[in-house]
Ligand SMILES: [Zn+2]
Ligand SMILES: [Zn+2]
């Protein structure tokens, strides 16, 4: 992301050169999105190569006689996919810092956690039965799309986990569960910065990889709301969800009341 001009906040360096756990989350994510959204003419050689690698990788996978809901790809093949996605969207900054593993019987579709005792690494785990969890019948093509969506969802978490300041700068405002932390990252990890990054990844993945890719952003927003009360402002609802809030009517009613109360206080 070297050629993109970026600003830095008082206590955090600009993400032009990435530092582990070093950057203001919003600034970090905005810089990543500018990179993700660059037009094809501006792509580096390696980024163009990554798109070719995706085509080869997915063609091989779709021909694989054993791929089915009960018989998934190897962890090595999934890590190859992770590295392709990283080179395609995040300038190759994180694939080598992520480990991938399948996990049987997990509650969620996927999970990203910092690796204990391994500073600067994160582990991505994915459910071995996504079809069961999602209660759908899946074809090979659909299964590939589902795996892609889950992995990209986790990649967005992993990028933030690797490079966003989560309090290490010593500024109390950044600390885990401080208001700034909740606003940017959330209690479940799906607040504003994840939403923005996931939307950009999903939008470009639909163009370049597969039309049906779904990073489950709406469900994630609802989950975050339930845990932390995270609400999107109207501008973000417009940008992220075409103006249709993913939160239900009851939530929207509460939100309206809150806005009215705020307007009353402001006037
Ligand atoms: Zn900080
Ligand atoms: Zn998530």
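Residue numbers (our numbering): 2 to 268.
Even for Gly, the Cβ is constructed at its ideal location relative to N, Cα and C.
message: Measuring only from the beta carbon, is residue 194 closer than 6 Å to any heavy atom that is part of ligand 1?
response: Checking the Cβ of residue 194 against ligand 1 gives no.
message: If you reduce the DSSP assignment to three classes, tell me which class residue 196 lands in.
response: If DSSP states are grouped into helix, strand and coil, residue 196 belongs with the helices.
field: Through-space distance from residue 141 to residue 15, alpha-carbon basis
entry: Pairing residue 15 with residue 141, the inter-Cα distance amounts to about 42 Å.
Buried or exposed (CB count within 10 angstroms, at least 16 for buried), residue 226: Residue 226 is buried by the Cβ-count criterion.
- prompt: Does ligand 1 have even one heavy atom less than 6 Å from the beta-carbon of residue 99?
  reply: Placement of the Cβ of residue 99 at a distance of 6 Å or more from every heavy atom of ligand 1 is found.
field: Among 265, 92, 61, 232, nearest to residue 185 - alpha-carbon criterion
entry: Looking at the Cα atoms, 232 is the closest of the given residues.
- prompt: Within this structure, are the beta carbons of residue 30 and residue 194 separated by less than 7 Å?
  reply: In this structure, residue 194 lies closer than 7 Å to residue 30 by Cβ.
- request: Counting only the same chain and skipping the five closest in sequence on each side, list residues whose C-beta sits under 7 Å from that of residue 90.
  value: Excluding positions up to five away in sequence, the list reads 37, 202, 205.
field: residue 100, enclosing beta strand (DSSP E) - first and last residue
entry: Here the beta strand (DSSP E) through residue 100 covers 99-104.
- prompt: With a cut-off of 8 Å, do at least 3 Cβ pairs link the region 15-26 to the region 145-153?
  reply: Here the region 15-26 makes no contact with the region 145-153; the two share fewer than three CB pairs at distances below 8 Å.
- prompt: Quick one: Cα of residue 79 to Cα of residue 101, how far?
  reply: It is roughly 7 Å from the alpha-carbon of residue 79 to the alpha-carbon of residue 101.
query: Residues in its own chain within less than 6 Å of residue 84 by CB, not counting five upstream and five downstream?
result: Taken in chain order, the residues that qualify are 96.
- request: Could you name the residues that DSSP lists as bridge partners for residue 165?
  value: In DSSP, residue 165 forms a bridge with 24.
query: If you run the structure through DSSP and keep just helix, strand and coil, what is residue 247?
result: Three-state result, residue 247: coil.
query: Can we count residue 172 as close to ligand 3, meaning its CB is less than 6 Å from some heavy atom?
result: Ligands present in the displayed structure are limited to ligand 1 and ligand 2, and ligand 3 is not among them.
message: Using 8 Å for Cβ pairs, my map puts residue 131 next to residue 162. What's the rounded Cβ distance?
response: By a beta-carbon distance limit of 8 Å, residue 131 does not contact residue 162. Their separation comes to about 22 Å.
message: Rounding to the nearest angstrom, what Cα-Cα distance links residue 45 and residue 87 in this structure?
response: Cα-Cα distance, rounded: 13 Å.
task: Assuming residue 58 and residue 210 form a contact by the criterion Cβ under 8 Å, report the distance between their Cβ atoms to the nearest whole angstrom.
output: 10 Å between Cβ atoms; not a contact.
field: C-beta contact flag for residue 224 and residue 189 at 7 Å
entry: Cβ atoms of residue 224 and residue 189: closer than 7 Å.
field: Neighbour-count burial assignment, residue 192, 16 or more Cβ in a 10 Å radius
entry: Buried.
query: At what residue ranges does the region 34-59 contain a whole run of the beta strand (DSSP E), taking only runs of 3 or more?
result: Complete beta strand (DSSP E) runs here, min 3: none at all.
field: Beta-carbon spacing of residue 148, residue 200 below 7 Å
entry: Not in contact: residue 148 and residue 200 (Cβ atoms no closer than 7 Å).
field: Beta-ladder partner(s) of residue 187, from DSSP
entry: Residue 187 is not bridged to any residue.
Nonlocal neighbours in the same chain, by C-beta distance under 8 Å from residue 183, ignoring five residues either side: The beta carbon of residue 183 lies closer than 8 Å to those of 192, 229, 231 in the same chain, with the five residues before and after it left out.
message: On a Cα-Cα basis, can you pick out the residue from 94, 143, 27 that is closest to residue 198?
response: The candidate whose alpha carbon is nearest that of residue 198 is 27.
query: For residue 94, which residues of its own chain have a beta-carbon under 6 Å away from its beta-carbon, when the five flanking residues on both sides are left out?
result: The answer, listed in chain order, is 19.
field: For residue 151, the residue or residues it bridges with in DSSP
entry: Its beta-bridge partners do not exist; DSSP assigns none.
- prompt: Going by beta carbon distance, what residues of the same chain come within less than 7 Å of residue 248, once the five residues before and after it are set aside?
  reply: 222, 223, 226.
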